[in-house]
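The opening position of the first sequence corresponds to residue 0 in numbering that gives the first Met the number 0, with each subsequent residue numbered one higher.
We put the beta carbon where it would ideally sit given N, CA and C, even for glycine.
Reviewing the structure listed below.
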Amino acid sequence: MLSLYDTATQGIRPLAMRRPGHLSVYLCGPTVYGPPHLGHGRATLVYDILRRYLTWTGVQVRLVSNITDIDDKIIDRANREDRPWQEITHKCEDIWFRAMSALGVERPTDVPHATEYVASMVDMIATLVASDRAYTTSDGVYLSVTSVDDYGLLAHQKLEDMLAGGGEREVLGAGEKRHPADFALWKLSKPGEPSWPSPWGDGRPGWHSECVVMSLELLGEGFDLHCGGADLRFPHHENERAQAVALGKQFAAHWMHNGFVVDAEGEKMSKSLGNVANLLDLVEKYDPRAYRMLLLQTHYRSPVRVGQDNIDAAVKALSGIDAFVARIDAAGAVADVACLDAFRAAMDNDLDTPAATALMFDTMRRANAAADAGDVAGAASLVAAVREMCAAFGLSINDVGDVDPVMVAKATELDAARAAKDFARADALRGEIQAAGFVVETTKDGTRVRRG
RNA sequence: GGCGACGUGGCGGAAUGGCUUACGCAGCGGCCUGCAAAGCCGUUUAUCCGGGUUCGAUUCCCGGCGUCGCCUCCA
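Quick look at the structure:
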C-alpha cells in the first residue's frame with residue numbers, strides 16, 4: 000500500500016482509493032503559451048513514475064491532466080506577435096506532447112481543454128453567485144474567500160498573515176474586491192479578446208475554475224489524488240479547493256506536490272528569471288532517459304538542480320544498466336521475490352525512488368557476483384528483478400547488444416588476428432569498430448561489441 | 001514581517017538516537033588484456049557553528065549563521 004505525503008495534513012499517510020484497485024488522479028497540466036521547461040518536465044516525470052509504479056503493482060490509474068488553452072498569457076503573446084491565439088495554443092500543445100513523448104511520459108488517460116468546459120464553468124460560477132459566495136464587479140466575478148472557512152489549508156497560512164507579506168505586488172482588481180485575496184472566476188473581455196457568453200457579460204474564465212469543473216466532472220466528487228508542482232499549492236490549488244468547498248462538494252482526498260528545479264545557484268527555475276533551459280534541448284542533447292534517471296535518484300519533494308555534472312552522471316549510470324542487461328541473459332527467469340518485496344517497500348514509503356534505485360544498483364552488483372560465481376539461475380532471477388524495477392520506473396532499457404552485422408564480422412576478424420598474434424591488424428580493426436561508435440569489449444569468450 | 005523547507009564526502013544525493021554513515025558519478029587498488037578500453041570485484045574521503053537533552057546526536061530541542069520556496073494567476 001502506497002503512502003504519500005499529503006500537503007493538507009503535512010504528513011505521510013496511506014493513499015486511500017475510493018474504489019480499491021482504482022486510483023483517480025488529477026494533475027494540473029500546462030498553460031500552452033510557450034515551450035515546456037525543465038520544471039514542467041519534472042512534474043510530468045514525477046507523476047509518470049507514480050503512475051507507472053502503481054500500474055506495475057496492479058492498480059488501474061485514471062490520470063486526468065488538463066491543457067489550459069485560454070489565459071492572459073496566451074492572449075498577451077497573440078497580441079504581441081499578432082497571431083490568432085488558437086495558433087499558439089495548438090502549436091504549443093503539439094510541442095508539449097512531443098516533449099513528453101520524448102521523455103517517455105505516457106499520455107494522460109484524459110486530456111480535457113479549458114475551452115471545452117467554459118459552459119460548465121459558467122454554470123458553476125452562477126451557482127456560486129446565487130449562493131452569495133461570489134460577487135460581480137465592473138471587471139468580472141470574484142470568489143469571496145472569507146466565505147470559505149478553512150481557506151489557507153494548503154498554504155498553511157492564515158489569511159491575515161498572507162496579506163502581511165508580498166506588499167510590493169500589485170493586487171489584481173484591487174479596487175472593487177471585497178477582500179484582497181478574492182480571486183477572479185470570470186474576467187470580462189476587452190474588445191478583440193477571445194470571449195464566451197455569460198450572464199455577467201462576455202468574457203473568459205479565471206485560471207482556477209477549469210480544474211475544479213474538469214476534475215469533478217471527469218473524476219467525480221472526492222477523487223483520490225490531486226497533484227502538481229509545489230508552486231501550484233498556493234494560490235492555484237488553494238483556490239480550486241476554495242471553489243469546491245464553496246460549492247459544498249468533496250474535493251481531492253489527498254494532495255501531492257513535487258519540488259522545484261533549481262539552477263546552478265540554487266534558485267528556482269522559472270520564466271521570470273530568464274534562466275530556463277528548454278526541455279526539448281535536454282531530450283535532444285542527452286539520453287532522453289537521463290532526466291528521469293536523475294529524478295529517480297532524487298526524492299520528489301526535494302529540490303533538484305539540473306546541471307551538466309549530474310546529467311552526465313545519470314547518462315553514465317544508464318549506460319551501465321544497458322550494458323548490465325545485455326551481459327546476462329535472463330530470458331524466462333522469474334524475478335527474485337525478496338528483491339521485489341524490498342523494492343515495493345521502498346516505493347510505498349512516499350515514493351522513495353532514491354532508496355529504490357539504490358536497491359536496483361545493489362541488485363545489479365549481486366547479479367554480477369552471482370554470474371561470476373557461475374550461479375546462472377541466481378544471476379538470471381536478479382537480472383529479471385532489475386528489469387521489473389526499470390519497468391516500474393518507466394525506464395526503458397536500450398538494447399545495446401543489437402549491433403550492425405558488419406561490426407560483428409569485424410569483431411570475429413579481430414579475434415582471429417589476436418589469435419594469430421597479429422596485433423597491428425587487431426588494433427586496426429578495433430579502431431574501425433570504435434570509430435563507428437561502438438564499444439569493444441575484450442572478454443574470455445571473445446570480443447563483444449555493443450553500442451556506447 | 002508570516003509560513004514552509006533545507007544546510008551530509010571531490011560532485012550529486014539518501015538514511016539514521018548508538019551497529020560496516022546507502023546509492024550514482026569521479027578517484028584509487030586488484031582482476032581481466034598482447035597493450036588498452038570496456039567490464040567485473042574491492043575501496044578512500046562527510047554530517048554549517050554554538051549551546052542543551054541523553055550513557056551516547058549527524059539525527060531530538062534552543063540559539064546563531066547561511067540557502068531556498070510560497071505569501072493573489074510560475075510545474
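Look at Ala334 and Ala408 and say whether their C-beta atoms are less than 8 angstroms apart.
Taking 8 angstroms as the cut-off, the beta carbon of Ala334 is found no closer than this to the beta carbon of Ala408.
Span of the alpha helix (DSSP H) around Asp371:
Unbroken alpha helix (DSSP H) run through Asp371: 352-371.
Using C-beta distances below 8 angstroms, list every residue in its chain close to Ala325, excluding the 5 sequence neighbours before and after it, in chain order.
Excluding residues within five positions, the ones whose Cβ falls inside 8 angstroms are Asp398, Val399, Gly400, Arg449.
Going by other Cβ atoms of all chains shown within 10 Å of its Cβ, with 16 needed for buried, is Glu80 buried or exposed?
So Glu80 ends up on the exposed side.
First and last residue of the alpha helix (DSSP H) that includes Cys338?
Unbroken alpha helix (DSSP H) run through Cys338: 336-347.
Buried or exposed, going by whether 16 or more other CB atoms sit within 10 Å of the CB of Gln242?
Flag for Gln242 reads buried.
Given this structure, state the Cα-to-Cα distance separating Gly38 from Asn277, to the nearest angstrom.
Within the model, the alpha-carbon separation for Gly38 versus Asn277 is close to 10 angstroms.
Is Ala390 helix, strand or coil when you go by DSSP?
Ala390: helix per DSSP, three-state reduction.
Measure from the alpha carbon of His253 to the alpha carbon of each residue in Ala245, Arg240, Arg364, Phe342, then state which is nearest.
Closest by alpha carbon: Arg240.
I think Ala180 touches Leu152, with their Cβ atoms under 8 angstroms apart; what is that distance to the nearest whole Å?
No, Ala180 and Leu152 are not in contact; Cβ-Cβ is about 14 angstroms, not under 8 angstroms.
Please go through the same chain and pick out, in chain order, the residues whose beta-carbon is closer than 6 angstroms to the beta-carbon of Ala379, but skip the five residues on each side of it.
Excluding sequence neighbours, Ala379 sits near Ala329, Ala332.
Where Ile48 and Gly393 are concerned, what is the direct C-alpha to C-alpha distance, given to the nearest angstrom?
For Ile48 and Gly393, the distance between alpha carbons rounds to 6 angstroms.
Short Cβ contact (8 angstroms threshold) for Val117 with Trp195
The answer is yes: Cβ separation under 8 angstroms.
Length of the line joining the Cα atoms of His89 and Val31
Near 8 angstroms, if we compare the C-alpha coordinates of Val31 and His89.
Whole angstroms is fine: what's the gap from Ala42's alpha carbon to Ala98's?
Across the structure, Ala42 and Ala98 are spaced so that their CA atoms are roughly 13 angstroms apart.
Look at the alpha carbon of Ala313 and the alpha carbon of Ala341, and state the distance between them as a whole number of angstroms.
Straight across, the Cα-Cα distance linking Ala313 with Ala341 is about 23 angstroms.
Per the contact definition of three or more C-beta pairs closer than 8 angstroms, is the stretch 194-213 in contact with the stretch 11-19?
Contact between the stretch 11-19 and the stretch 194-213 is absent, with fewer than three C-beta pairs closer than 8 angstroms.
By DSSP, does Ala330 sit in helix, in strand, or in coil?
In this structure, Ala330 counts as coil in the three-state DSSP scheme.
Considering only their Cβ atoms, is the gap separating Gly258 from Val305 smaller than 8 angstroms?
Their beta carbons are not under 8 angstroms apart, which means Val305 does not touch Gly258 by this criterion.
Can you name the residues that DSSP bridges to Asn257?
Answer by DSSP bridge pairing, in chain order: Gly228.
Residues that DSSP places opposite Gly445 in a beta bridge:
Partner(s): Thr442.
To the nearest angstrom, report how far apart Arg177 and Phe360 are at their CA atoms.
Distance between the alpha carbons of Arg177 and Phe360 is about 57 angstroms.
Helix or strand or just coil, what does DSSP make of His298?
DSSP places His298 in coil when its eight states are reduced to three.
What does the Cβ neighbour count give for Ala370, buried or exposed, with the cut at 16 atoms within 10 Å?
Taking all protein chains shown into account, Ala370 has 16 or more neighbouring C-beta atoms within 10 Å of its C-beta and is therefore buried.
Indicate the three-state DSSP secondary structure (helix, strand or coil) for Leu22 in the structure shown.
Strand, per DSSP.
C-alpha distance - Leu294 paired with Val45, whole-angstrom precision
Distance from the CA atom of Leu294 to the CA atom of Val45, rounded to whole angstroms, is 8 angstroms.
Roughly how many whole angstroms lie between the Cα atoms of Val438 and Thr411?
Per the coordinates, the alpha-carbon of Val438 lies some 15 angstroms from the alpha-carbon of Thr411.
Please confirm if the stretch 227-237 is in contact with the stretch 106-126, defined as three or more CB-CB distances below 8 angstroms between the two stretches.
Segments in contact, no.
Can you tell me the Cβ-Cβ gap for Gly202 and Gly247, rounded? I've got them flagged as a contact below 8 angstroms.
Taking 8 angstroms as the upper bound for CB-CB distance, Gly202 and Gly247 are not in contact here, some 25 angstroms apart.
When the Cα atoms are used, what is the spatial distance from Asn65 to Asp93?
Answer to the nearest angstrom: the Cα atoms are 14 angstroms apart.
Is Arg343 near Thr126, with beta carbons less than 8 angstroms apart?
No, the pair does not count as a contact, with Cβ atoms beyond the cut-off.
Write down the C-beta distance between Gly205 and Phe182 rounded to the nearest angstrom, noting that I regard them as a contact closer than 8 angstroms.
At roughly 6 angstroms, the Cβ-Cβ gap stays under 8 angstroms, so Gly205 and Phe182 are in contact.
Thinking C-alpha only, which one of Ala416, Tyr150, Asp280, Val212 is nearest Pro34?
In terms of CA proximity to Pro34, Asp280 leads the group Ala416, Tyr150, Asp280, Val212.
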